[in-house]
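223 is the number that my numbering gives the last residue of the sequence shown; the numbers go up by one with no jumps.
Glycine residues also receive a C-beta, built at the ideal position from the N, C-alpha and C atoms.
Working notes, beginning with the structure itself.
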Amino acid sequence: MQALFKTTVKLFKWALALSPFGLFAVICIDTYVLLETEKETHQYVKTLPYNKVGLLLGTSKYRDNGHINLYYRYRIAAAETLFKAGKIDFILISGDHGHKDYNEPALFKKDLLLLGIPEGKIVLDYAGFSTLDSVLRAQKIFGLDKFTIISQRFHNQRAIFLAKHKGIDAIGFNAETVSDKHAVYTTLREYLARTKACLDILLGSRPTYLGEKIAIE
Numbered sequence: 007m008q009a010l011f012k013t014t015v016k017l018f019k020w021a022l023a024l025s026p027f028g029l030f031a032v033i034c035i036d037t038y039v040l041l042e043t044e045k046e047t048h049q050y051v052k053t054l055p056y057n058k059v060g061l062l063l064g065t066s067k068y069r070d071n072g073h074i075n076l077y078y079r080y081r082i083a084a085a086e087t088l089f090k091a092g093k094i095d096f097i098l099i100s101g102d103h104g105h106k107d108y109n110e111p112a113l114f115k116k117d118l119l120l121l122g123i124p125e126g127k128i129v130l131d132y133a134g135f136s137t138l139d140s141v142l143r144a145q146k147i148f149g150l151d152k153f154t155i156i157s158q159r160f161h162n163q164r165a166i167f168l169a170k171h172k173g174i175d176a177i178g179f180n181a182e183t184v185s186d187k188h189a190v191y192t193t194l195r196e197y198l199a200r201t202k203a204c205l206d207i208l209l210g211s212r213p214t215y216l217g218e219k220i221a222i223e
């Protein structure tokens, strides 16, 4: 999250420096991502195709004020819904475990276990430091070329965009959205995150870490 924030600030300064062309480019890129992914996100369980694995994208459980992060809560609920509806057989949790006291995948797993998801159906990826990392590690480490991404719609769109340009057949299930003041910042940041996603594709960016392959079975 900290790395993305720093990147966002840099991109924002870059966009302002090139204003109005830079801001126009950011808006065009956002529209491009939307058009590329509009048919791959799903709001309803009944219309969602089956995939063996659901890629649950990590986020912090708590906000800076100590309150529960609703993005986290709603993603947990979405993953539970898909698993219990038989739309996925495994949940691959990909998140940030960059230091000892911060472990997104472990927190997600703990709460999913409390909801009755079998431990053997939960797989953890501790090196999902960014959306790019999560998507590409699902392919390169866990051997997946097809999966369902679980996050909010705006995040699913960016993740699917990255996946499509890396030869991955991904769809998204949209967790409930958030509409508080925190969501305003997230929405603004997403414009720049999508610009970064396009740059990652153009530059052939790779995951922060790779490693030995892990089969999900």
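Report the partner residues of residue i according to the DSSP bridge assignment.
i              : result
isoleucine 128 : Ile97
tyrosine 68    : Ile74
aspartate 102  : Ala133
histidine 48   : Phe179
For residue i versus residue j, is the C-beta distance shorter than 7 Å?
i              : j                 : result
leucine 62     : isoleucine 94     : no
serine 100     : glycine 134       : yes
valine 39      : threonine 201     : no
alanine 224    : phenylalanine 167 : Here the chain comprises residues numbered 7 to 223, so residue 224 is not present and cannot be evaluated.
glutamate 86   : leucine 130       : no
glycine 126    : leucine 88        : no
asparagine 162 : glutamine 49      : no
isoleucine 177 : glutamate 46      : yes
lysine 67      : asparagine 57     : no
glutamate 110  : glycine 149       : no
lysine 146     : aspartate 175     : no
leucine 118    : isoleucine 128    : yes
lysine 51      : alanine 84        : Position check: residue 51 holds valine in this sequence, whereas lysine was assumed. Against a cut-off of 7 Å, the Cβ pair of alanine 84 and valine 51 comes out as no contact.
glutamate 196  : phenylalanine 160 : yes
Provide the residue span of the beta strand (DSSP E) that contains residue i, from first to last.
i             : result
alanine 181   : 175 to 181
threonine 154 : 152 to 158
leucine 61    : 59 to 63
Output the boundary residues of the alpha helix (DSSP H) element that contains residue i.
i           : result
leucine 142 : 137 to 146
tyrosine 77 : 76 to 90
leucine 119 : 110 to 120
At least three beta-carbon pairs within less than 8 Å, the segment 72 to 83 to the segment 207 to 217: no
Counting beta carbon pairs with one atom in the segment 169 to 188 and one in the segment 111 to 122, are three or more of them shorter than 8 Å? no
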